[in-house]
Every structure is written in structure tokens, then in C-alpha cells.
Amino acid sequence: GHLHILNSEFGAILKPGGVMTLTSALPEENDQPDLKLLPRLSLEFDRRSYGLLKAFIRRINSF
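Be aware that the sequence shown starts at 27, since it is given in the numbering used here, and climbs by one per residue.
(1) Going by the C-beta, is Q58 closer than 8 Å to any heavy atom of the ligand PLP?
(2) When you compare each of M46, I39 and H30 to G77 by their alpha carbons, which one comes out closest?
(3) Under the DSSP definition of a beta bridge, which residues are partnered with S68?
(4) Please confirm whether L48 and L67 have their CB atoms less than 9 Å apart.
(5) Between R74, F71, P65 and E55, which has its C-alpha nearest F89's C-alpha?
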């Protein structure tokens, strides 16, 4: 699926051993019921690959 594609194309933006996962709403979002059911992607970003992060966001928006 899309998560596998993103992991294979953009795994370099993760911390070593980091993962990219689909998640549900965070507890902090409970006061926003209209957003609660939207899909979320969680990842352990390496905080160095900002150019690749921008390409990653563009790729997500292409799905």
C-alpha cells in the first residue's frame, strides 16, 4: 500500500532504526471532533533531511 511506497522511497528521512506508521488521533486532538477520523502518519524524523521531507510531503499529497 501507500505506507510501503513511502517507506521505500523516503526511508532516508527516518532516524536510524526509525519507523513510519499509520496512527489514530492523539489525545491532544480530542477537542477537535471534526478532525478525529482523519488519517495520520507518524514518523521518527532525523531532523536533517528537510529537503527530502518537503519531497515526502509532496508525495503524500499525490495519493
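We put the beta carbon where it would ideally sit given N, CA and C, even for glycine.
All values reported here derive from a predicted model rather than from experimental measurement.
For this structure:
(1) Ligands displayed in this structure: none; no statement on the ligand PLP is therefore possible.
(2) Sequence index remark: in the sequence shown, residue 77 carries index 51 (1-based). The residue among M46, I39 and H30 with its C-alpha nearest the C-alpha of G77 is I39.
(3) Stepping through the sequence shown from its first residue, residue 68 is reached at position 42. S68 is bridged by DSSP to T47.
(4) Position 22 of the sequence shown holds residue 48. Position 41 of the sequence shown holds residue 67. For L48 and L67, yes; Cβs fall inside 9 Å.
(5) On the sequence shown, residue 89 is found 63 positions in, with the first residue counted as 1. It is P65.
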